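Taken in sequence, the protein lines are chains B and X.
Under the numbering used here, think of the first position of the first sequence as 1, with each following residue one higher.
Under the numbering used here, think of the first position of the second sequence as 1, with each following residue one higher.
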Amino acid sequence: MLTLFLLLPVTGAVLSLFLPEEKQHDAKWIALVFSGAAFAVSVVVFALFNASVPGYQFVNTFEWIAASDAGFRIRYTVGVDGLSAPLVLLLGLLSVVSVLVSWRIEVKAKQYFAWLLFMETAVAGVFLSLDLIQFFLFWELELLPMFMLISQWGSGRRLYSATKFLIYTLAGSAFMLVGFLVLGATAGTFDIAELTAKPVTQAVVPLTFVFWAIMLAFLVKLPTFPVHTWLPDAHTDAPTAVSVMLAGVLLKMGGYGIIRIALPLLPQQAHDSRLILASLAGFSVLWGAVITLRQTDLKRLVAYSSVSHMGYVLLGVSAMGSLGLSGAAMQMFTHGTITGLLFVVVGLIYDRTHTREISQMSGLMHRMPVVGTVFVIAGLASLGLPGMSGFVAEMTTFLGSLDAHPVATAAGIFGVVLSAGYILWTVQRVLHGPATDRWKELTDATSWWEVTAMASLVFVILAVGIYPALLTTAVQAGIAPIAQIMEGVS
Amino acid sequence: MLLPHIPEAAVWAIYAAPLISFLVIVVALRTRPLLAGRFTIGAIGVAWLLAMWALDTSIGLGGEPAAFHPHHWLTLFKLDVEFGLRLDGLSAVMIAVVTSISLLVQIYSTGYMAGDGGYARFFAFMSLFTMSMLGLVMASSLLQLFIHWELVGLTSYLLIGFWFHRPSAAAAAKKAFIVTRFGDFGFMLAVVLIWVKTGTFDIAEINHLAHAGEIAVPVLTGFVLGLFAGAAGKSAQFPLHFWLPDAMEGPTPVSSIVHSATMVAAGVYLLLRFFGAVEAAPEGVRTTIAFVGAFTAIFAASMGIVATDIKRVLAYSTISQLGYMVMAIGLGGYVAAIFHLFTHAFFKSLLFQGAGSLSHATNTFEMPLMGGLRKAMPITYWTFLIGSLSLSGVFPLAGFWSKDEILADAWNHNILLWLIGTAVAFMTALYMFRAIFLTFFGDYKGGAEPEHGSHGGHASHPHESPASMVAPLLILTVGAIFFGFFNVGGMFGHFVEGALAPELRHFEFEVNPVVLVVSTVAALAGIGVAAAIYYAQRPQSSVIRGALGPIPGVVEHLYYVNEIAEDGVVRGLLLGVGKLAAAFDKYVVDGIVNGIGQATRLVGSGLRLTITGQQQAYSSLYVLGVVVAVGALFVLGGGILERLAP
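Spelled out as C-alpha cells, the structure:
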C-alpha cells in the first residue's frame, strides 16, 4: 500500500515525460490522475490506520544491500505510525492542490508536472522510510526537483534563490550523513526501529557532536533562526505550486526528522540540548514575526510568517514531553494546510494582479469576493483563531511547554499577538478600502480547479479545528512511544 | 418555577439557534436578504424563549448551578478538555440579557439596515456574534470560554469593518482586534498557567481550588492578573481602552449590542465568573483592579465631555461605566458589578439605538450638525431622555439603583474610590445632558448629505424613524425605568449569589443615605451645569474653555494615547525592531551565506561548461549522479564501517 503511494507519482512523472511534444498540455491531467490516486491511497491509509496497535503499520520491506558479514545491512522498509500518517495524508492532499493551482502552466508543461510528481515521491520517501540510509537518499532526492522547479519556472532572482536553497540544504545534509554513518556503524544497523529500541550510548566521536550534526540538517529545513534566510528567497521566487509544497510539506521534513530520528535515537543528547532548542524556538517565533510585520511583498510576508510558525514546532519539541511533542506534530499538519492555503490565495492574486507589492493593492475584496473571503479565513487560521486547526495545535504546544520553558512559551504566546498584527494589517491593505479603477478588470477565482484547491484546504482547517480528535487520535499513538523515551531521560 | 426543569438539550439549543441561523444564511440565503433578516429574528426569538425557560429554572434553583455533565472535546495524553454548560444565577442573567438585547437589535436592524448592499451578510455576522456571546457566558470550562471569547473578538472585527470600503472602518476593525489581543496575551498565559498548575479547565473547580488555598500564591496572582489583562482588553480598560471609540465605525445596531451591552461586558463577566479566584488573590491584586477601574471611569468620562460625535460620547460613557463595574469587582462588590452590568445593558443599548435613530434622520452623528430634533422625533427624544436620566443615576430609574450599589461598596471600603465614583456621576450627567441639549434643543443645523453606498440614507429632512426602530426603543425604555427595582430588597443579589460558593455569599441590601444623597446631588448638578452651558449658554462654553487653558486641548487629543500606541509602540518599537531584524538577516546572515557562495562560484566556474539548458541532459546527469552517489556511499560507507564495526 505504502509502496504504491510512493510509486504512483513517479510513475505519472515518467508517463508525462513520454508525452509527445504537441500533447504536452495533457501532462496536467496525468498529474491530476496520479496525484489524485496517491491522495486516495493516503486517505485509505489514514482511515485504516489503527491507533490502538503499537508500532509501524502497512510495513513493506525487503533486503536491499546485505552486507551482514560487515555487520550491517541496508533495507528498503516503509511503514507509517501516528506521527507519519497525518503527514502522508497532508502530502497527498497538498500534491493534488499544487497540481490544481498549476493548471495554467504553459511553459514546458510536461517537464514541470514531471518534476512536481517526482518531488511528491521524494518527500513521500522521507516520511515513509524506516531506514536511515533510505531516509537520507530520499532527503537528497527531493533537492533536485525543487531546484529545477524554482530555477526554471520561478520569477525574480530565481537562480540565486534556487542555488541558495540547494547550498543550505546540502550543507546541512552532509553533516546529517556523517551523523547517520556514525550511529549505524556503532549499532550495526540503520533500522530506525532497532536504533530507537536500543539507543547508541557511546561512539568514536562524542554523541553530542553527532546529535548536532543531525540536528543541523533538520533545523535548516524547519527552518529556524539563524539558518532560515533561504526560505523567504525560495518562496518569493518559486511558482505558486512549489511554494505550497515547500511550506506545506517540505518544511515538515525538518520537524519530522527531529521527532522521528534526532530525539529517540539520541535521547540523552537531545535532553541536554533542550534549553538551547527552546531558546532558538522562542527567538525564531519573535524574530520571524517582527520581520513579517514590515514585509512589503505578499509572498515574502507569508514566508517569514512560516519562520515564526515553525518556531512553535521546535518549541513543542524542546519541551520533550507528550503534550509538547503532540503539539509540534499537530502544528506541522495544521501549518501545512494553513500556510498552503495562504500561498494558494496569494498565488491566485498574483496571477491576476501580476504584482506582489502590498502597496500596489487596495480594495481587492470588491472584485474578488471568493479569493478575499478565503484569504481572510486562511489569515484567521494563521493567527490562531479558535475553531480552526492552528489554535488546537498552538494551544497544545503551549500547554506542553510552559512548565519546561516558561520564557520561551511566553515568547511563543506573544508571537500569537503579533500574528494578529501582520495578518490583519495585510488584510486591511490588500482587501479593504474603496474599489479602485486600477483593479476593476480583475476576475474572481471561480473555475473548478481554483475552487477545489481552496475548498479542500478550508474544509480540513475547519474540520480539525472543530473536531480535533480527527488528528489527535493518530498523533497520540505516534507520539506516545517517543514521549515515553524522552520522559525516561533525566 | 413556573415551568419544569429545563433539559440540557434545550440549553444547548439556545446556543445552537443563532448558529443555525448563521449557517442557513451562509449556505442558502445570501441572495435573499429579507428572508435572512427574518430568519435571524425567528432563530433568536426561539433562543430568547428558551432563555426565559432557563432563567425560570435557575430562579427555581435559587441561582445554584444546574447539574449538567460536561462532554469530552479533546483528549490527548493527560489533557482532557471538556465542554459543558454552566447555568446558574450569573449565567442565567447574562443569557437573558444577551438574547433579549439581540432580539431587539435584530428587529431594529431591519429598519436601520434597510437597503444596505450587505444586508444578508450583516445578519449572518450578527447571528454568529450572538452564538459566540452565548457560548462565552454558558461555558463551564475556561478553554471553552476562551474559544468563544476569541470568536466574539472575530465577530466584533467583522462587524466593525462591515463597511470595509471605508478606510476608517477597516482601520478601526483591525485596531479593535489587535488591541484586545494584547490583553489576550495575558489571558492566554493565564489559561495555560492554570492548567499546567492545576490540571483542570473547569471553572467551578478552579474557583474552588483558589478559595481552598490549594493554588500557590504566585500562581494565583499571575492567573488573576492574566485574566484581568484579558478583561481590560475586552472591556476597554485603561490603557487598552482606545480601540472602543474607533469601533463606532461599525453600523449602529452593532454598537448597540456588541460595543455597549454585551461583548464589552465580557471582560467584567470573566472576572465575575472567576470571582472565587479574584477574592482569593492577594489584596494588592484586587486593589490594582479597583484603581484601574476607577481611573478608567473618570478618564473616559472626561473625554465624553469634549467629544462632538454622539456615538463617541456614548462610547466613552461605556468605557466609564465598565470602569465602575471593574472597580466594584476590585472592591469585592460582586452583586453590584453584575447588577450594574445588567441595567447598563438596557439603557446603553437604548441610547445607542436612539443615536442611530438620530442619524437615520440627519445622516450624521456630529452633534453640532443636529439640534432642535425634539419636535420632529418625539419618541426618540423621550426615550433618549429617559435613558440619559437612568444612566445619570436619577431616582428612581434603573441606573440609580445599580450605581448606588457600587458607590455604597466604595464608601464602605475605600473613601478615595467613592470620591472618584461620585465625581464620575457628576461628569456622566454633564456629558449626557450636553448631548441632549446639543441634539434635541436649539435650532436644527441641517444634518449632512447621505453617504453613497451605505445604508439607505434619506435627504436630510428630520422625521421619526420607522416602527421597526421605534418599537425596540420603547421596549428598552421599560427596562431603563423599571429594572432597578429587581434588587430593591435584595432579590436579584441573592439570586446571582447562588453562583458563588456558599462562603462567599454575603450580600445584604442596604440603603446608605449619605451615598444616596450625595450621588443624586452630583447627578443633578451635572444636569444643571449642562443646562447652564449648553441650553442657557450662561456662561458660554467658549468662556469656560478659555478659562481652562490647555486642558481641553489635551482631552480632545484623547491624552495622546493613540499617538503613543500607534507611533510609539507599533511604528517605533515593533516596526523598528522588525527593521533591525530584517537588516540583520540581509547583511549578516546572508552576508555569510553569500560569502561562502562566492568561494563556491570560483570552483563552480570550471563546471559551467556542463550547463547546457537541456532538460534531458540534466535529468540523465541527475540519474547518473544518484547512481554514483549510492555506489560511493556503499563502497566508502562499507570501508568506514568495516573499520568501525565491533
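Note that the Cβ used here is the ideal one computed from N, Cα and C, for glycine as well.
These numbers were taken from a predicted model, which means no experiment stands behind them.
- When CB distances to chain B are screened at a threshold of 8 Å, the residues of the region 170 to 181 of chain X falling below it are A170, A171, A173, K174, F177, I178, R181, in chain order.
- Beta-bridge pairing by DSSP links B/N60 to B/V78.
- One finds L380, L385 in chain B with Cβ atoms closer than 8 Å to the Cβ of X/L154, taken in chain order.
- Within the region 200 to 229 of chain X, no residue has its Cβ closer than 7 Å to any Cβ of chain B.
- In this structure, the alpha-carbon of B/A469 lies about 13 Å from that of X/H71.
- DSSP, reduced to helix, strand and coil, places X/F77 outside both helices and strands of the structure shown, so it counts as coil.
- Each residue's CA atom was taken as its position, placing B/T3 and X/Y587 some 45 Å apart.
- The beta carbon of X/E8 sits closer than 6 Å to the beta carbons of F68 from its chain, once the five residues preceding and following it are set aside; these are given in chain order.
- Contact annotation, X/A17 with X/A43: C-beta distance approximately 4 Å; criterion of less than 8 Å satisfied.
- Here the C-alpha atom of B/F46 lies approximately 12 Å from the C-alpha atom of B/T472.
- In the structure shown, the three-state DSSP call for X/H148 is helix.
- Relative to B/G248, the option among B/G154, B/T426, B/L457, B/V205 whose CA is nearest is B/L457.
- For B/P468, the chain X residues whose Cβ falls inside 7 Å of its Cβ are L74, in order along the chain.
- Contact check for X/M370 and X/T422: beta-carbon distance about 30 Å, past the 8 Å limit, so the pair fails to qualify.
- A Cβ-Cβ distance of about 4 Å is found for the pair B/F190 and B/G184, placing them in contact under the 8 Å criterion.
- Nearest to X/E497 by alpha-carbon distance, out of X/L90, X/T75, X/V97, is X/L90.
- In terms of Cβ geometry, B/S84 and B/F39 do not form a close pair [threshold 8 Å].
- In the DSSP assignment, X/G213 falls outside any alpha helix (DSSP H), carrying neither H nor E.
- DSSP places B/A404 in the coil class of the three-state scheme, outside both helix and strand.
- One finds nothing in chain B with a Cβ atom closer than 8 Å to the Cβ of X/K234; even the nearest lies about 14 Å away.
- With a threshold of 8 Å between beta carbons, B/A420 makes contact with chain X.
- For the alpha helix (DSSP H) assignment, the uninterrupted runs of no fewer than 4 residues enclosed by the region 162 to 200 of chain B are, from N- to C-terminal side, 192 to 197.
- At a cut-off of 8 Å between beta carbons, X/M188 contacts chain B.
- At the C-beta level, X/I475 and X/L143 stay beyond 8 Å of one another.
- Taking 8 Å as the cut-off, the Cβ atoms of B/G478 and B/D81 count as close.
- Positions of the alpha helix (DSSP H) runs, each at least 4 residues long and wholly inside the region 512 to 585 of chain X, are given as 513 to 534, 541 to 547, 551 to 556, 575 to 583 in order along the chain.
- Straight across, the Cα-Cα distance linking X/V306 with X/S256 is about 21 Å.
- Across the structure, B/G12 and X/F182 are spaced so that their CA atoms are roughly 50 Å apart.
- Counting every other CB atom within 10 Å of its CB across the protein chains shown gives X/A297 a total of 16 or more, marking it as buried.
- Per DSSP, reduced to three states, the secondary structure at B/D26 is helical.
- Taking all protein chains in view, the Cβ of X/A216 is surrounded by fewer than 16 other Cβ atoms within 10 Å, so the residue is classified as exposed.
- Leaving aside the five residues that flank X/V555 on each side, the residues in its chain whose CB is nearer than 8 Å to its CB run, in chain order, S302, M303, I305, V306.
- Only residues of its own chain outside the window of five on either side were considered, and among them G254, G257, I258, A262 have a CB closer than 7 Å to the CB of B/F218, listed in chain order.
- X/H241 sits in coil when the DSSP states are folded into three classes, being neither helix nor strand.
- Sixteen is the threshold: when 16 or more other Cβ atoms of the shown chains lie within 10 Å of the Cβ of B/P86, as they do, the residue is buried.
- Judged by their CB atoms, X/L227 and X/L270 are nearer to each other than the 8 Å cut-off.
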